[in-house]
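Accompanying notes for the structure given below.
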Amino acid sequence: MSKAVETKKVVVQTIADKFNAAASVVVVDYRGLNVAQVTELRKQLREAGVEFKVYKNSMTRRATEMHGLEAINEHLTGPNAIAFSNEDVVAPARIINDFAKKNEALEIKAGIIEGTVASADDVKALAELPSREGLLSMLLSVLQAPVRNFAAITKAVADSKEEQGA
Numbered sequence: 001m002s003k004a005v006e007t008k009k010v011v012v013q014t015i016a017d018k019f020n021a022a023a024s025v026v027v028v029d030y031r032g033l034n035v036a037q038v039t040e041l042r043k044q045l046r047e048a049g050v051e052f053k054v055y056k057n058s059m060t061r062r063a064t065e066m067h068g069l070e071a072i073n074e075h076l077t078g079p080n081a082i083a084f085s086n087e088d089v090v091a092p093a094r095i096i097n098d099f100a101k102k103n104e105a106l107e108i109k110a111g112i113i114e115g116t117v118a119s120a121d122d123v124k125a126l127a128e129l130p131s132r133e134g135l136l137s138m139l140l141s142v143l144q145a146p147v148r149n150f151a152a153i154t155k156a157v158a159d160s161k162e163e164q165g166a
């Protein structure tokens, strides 16, 4: 085989490995963004531990077929960039969605959330969820509520007994 074919096979395997390791993937159309805007987006994604790459659609299609994610191939038309996040499922969706609100040229096309192909609307809905820390604080608040209420009732009963005795 020619050296070009071998190089392409390596690239396809690299993309396939990234799809396999990713907790979430977001595919965007970046046409209309200038270099400064793309640089700013890359910086925000890098700070969150998200990898943002541009690959040829044909190679990306081959990589998705290796993992049974062919449903996303219909969105792989035109210039695309792909954001891969290995840890935080919500981070790429949130950062890209916030950036797209400020820069209308950026369009979310589709995504893969924990191995399931998601539409652009699903990715946007995921982006609107509170952060992991926010969800944990809500959970702790809910767990503390019964104890807090019990303590308040106990204090109220003790105060009323004290008033009756005085």
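Numbering (full-length UniProt numbering), first residue to last: 1 to 166.
Quick reminder that beta carbons are idealized off the backbone N, C-alpha and C, glycines included.
In this text the structure is predicted, and so the values were computed from the model without any measurement.
Among the bridge pairs identified by DSSP, residue 53 is matched with 82. Beta bridge pairing from DSSP links residue 116 with 113. The three-state secondary structure of residue 29, taken from DSSP, is strand. Note on geometry: alpha-carbon atoms of residue 48 and residue 91 lie some 7 Å from one another.
A direct Cα-Cα distance of roughly 11 Å separates residue 146 from residue 140.
Residue 108 sits buried, since 16 or more C-beta atoms from the chains shown fall within 10 Å of its C-beta. In the three-state reduction of the DSSP assignment, residue 133 falls in the helix class, which pools H, G and I.
In the three-state reduction of the DSSP assignment, residue 58 falls in the helix class. For residue 141, the secondary structure class from DSSP, reduced to helix, strand or coil, is helix. For residue 5, the enclosing alpha helix (DSSP H) covers residues 3-21. Setting aside the 5 residues that flank it on each side, residue 21 is surrounded in the same chain by 86, each with a C-beta closer than 6 Å to its C-beta; the list follows chain order. For residue 45, the enclosing alpha helix (DSSP H) covers residues 35-47. DSSP places residue 91 in the uninterrupted alpha helix (DSSP H) bounded by 91-102. Sixteen is the threshold: since fewer than 16 other Cβ atoms of the shown chains lie within 10 Å of the Cβ of residue 143, the residue is exposed.
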